[in-house]
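For the sequence shown, position 9 matches number 8 in numbering that gives the first Met the number 0, and the numbering has no gaps at all. I have placed the structure first, in the form of structure tokens, so that the comments after it can refer back to it.
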Amino acid sequence: MSGEPYQVIGDLYNRIFTVQATHIDVKVDYAVWNQIFANLPKDYKLPDAAVLLLDKPF
Numbered sequence: 000m001s002g003e004p005y006q007v008i009g010d011l012y013n014r015i016f017t018v019q020a021t022h023i024d025v026k027v028d029y030a031v032w033n034q035i036f037a038n039l040p041k042d043y044k045l046p047d048a049a050v051l052l053l054d055k056p057f
């Protein structure tokens, strides 16, 4: 059907996540995620190190 976004497995974009997990059932819009990647800094990660430190016990 025309007009519907082209969906791909979200795992293609795992490299931006600090903790990578496979979820083959998660589909994302290919055009949107490629646009996101085109505008991120090269070494960008989610969540960033400062956020991960908040999850550690004192």
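Quick reminder that beta carbons are idealized off the backbone N, C-alpha and C, glycines included.
Inter-residue spacing [alpha-carbon to alpha-carbon] between residue i and residue j
i     : j     : result
Leu52 : Tyr5  : 36 Å
Asp47 : Asp28 : 24 Å
Leu39 : His22 : 22 Å
Lys44 : Gly2  : 31 Å
For residue i, three-class secondary structure by DSSP
i     : result
Leu45 : strand
Gln59 : Limits of the chain in this structure are 0 at one end and 57 at the other, which puts residue 59 out of reach.
Asp10 : helix
Val18 : coil
Val25 : coil
Leu39 : coil
Neighbour flag for residue i against chain C, beta carbons, 8 Å
i     : result
Ile15 : The structure shown contains no chain C; it is built from a single protein chain.
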